[in-house]
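For reference, the structure discussed in these notes is given below.
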Amino acid sequence: MIRRVTPGVVALEVVTILLALVAFIPILWMAVVSLKTDEASIPSAFHYFIPPFTLRNYIDILSGGTAVVRWLFNSVAVACIVTVGTTLLCSMASYAIAKLKFHGRNAFFIYFLIGLMVPGEATIVALFVWANQLKLLDTYAGLILPSLAGSMNIIIMSSFLKGIPNDLIEAARIDGANEFRTYTSVILPLSRTVIVTVSIFTFIGNWNSYLWPYLCAMSEDMFTLPVGIPTFVSQFSVDKTVPMTVNMIASVPILVFFIIFEKQIVKGISLSGLKG
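Numbering (our numbering), first residue to last: 12 to 287.
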């Protein structure tokens, strides 16, 4: 069947392309500025787009002479560990809420719904006091543990798991599988879509997280990239090419992540009901 192209469809596609180009301009600008050195010798903004380009800023920053490499390691380590831990814990909790029958199951689900109504900023003081009492400030455990669970992830996953036929679970139990075996052999393979969705949004959220790492990390060695970049940028009041390079380094993993998982991200937005 041949799709009919109407003026409205053409106009919509043109507007979409223009909006995409507008959104891409800051990334392009950041990239070309990072490939220059000695901003004082560049007479105008137009000359940023004229060769020669150089990777000197990237080499100097990533060669180990700055704290950026340590911040990059911290961001990668925290984001990956939180993503794996959150996915496992939330999938287990969601399986229990969606498929296991126990007293208070609905109360747990309502509790997680209420958790969505409380902004994270409202609990940040109590979280800081708790971390201080447990000596978790300025440690990797302090950066990781508070982010290992989320009400939104549990609600998304439990809603998805409720759509899995109970007959499959009963068949596994008849074959002698215990609850953990049922979870690993039946639930996880059938939940690949929602698991990928939760993993993607968890990774992106933790990579961009600023408030809690800013409060928890007391020393420069424990900074993540979002916390360390403002400190690093403040050292360069004239030459803006180096700060642009650091921002580009922080942006590349997310850009690559989005390019690889573009379809899953779009599917995840529709699955979770998130807007914007």
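Glycine included, every Cβ here is placed at the ideal spot set by N, Cα and C.
- Boundaries of the alpha helix (DSSP H) around Asp178: Asn177 to Ile185.
- Using a Cβ distance threshold of 8 Å, Ile167 and Val205 count as a contacting pair.
- Leaving aside the five residues that flank Phe171 on each side, the residues in its chain whose CB is nearer than 7 Å to its CB run, in chain order, Ser202 and Val205.
- A direct Cα-to-Cα measurement between Asn117 and Ile108 gives close to 8 Å.
- Under the rule that a run must span 4 or more residues, the alpha helix (DSSP H) segments found entirely inside the region 204-272 read 222-227, 236-244 and 252-271.
- Of the residues assessed, Met229 falls on the exposed side of the cut-off, its CB having fewer than 16 other CB atoms within 10 angstroms.
- Taking one beta carbon from each stretch, the region 91-110 and the region 251-270 have fewer than 3 pairs nearer than 8 Å; the two do not touch.
- Looking at the backbone, the Cα of Asp49 and that of Ala31 are separated by about 31 Å.
- 8 Å or more divides the Cβ of Gln275 from the Cβ of Ile198.
- Assignment of Ile72 by DSSP, reduced to helix, strand and coil, places it in the helix class.
- The Cβ atoms of Ser86 and Leu226 lie no closer than 8 Å to each other.
- For the 8 Å CB-CB criterion, Trp218 and Pro264 form a contact.
- With respect to the C-alpha of Ser262, the residue from Tyr151, Gln144, Met41 and Ala34 having the closest C-alpha is Met41.
- A direct Cα-Cα distance of roughly 46 Å separates Pro157 from His58.
- Counting C-beta atoms within 10 angstroms of its own C-beta, Val21 has fewer than 16 neighbours from the protein chains shown and is therefore classed as exposed.
- DSSP, reduced to helix, strand and coil, places Pro18 within a helical segment of the structure shown.
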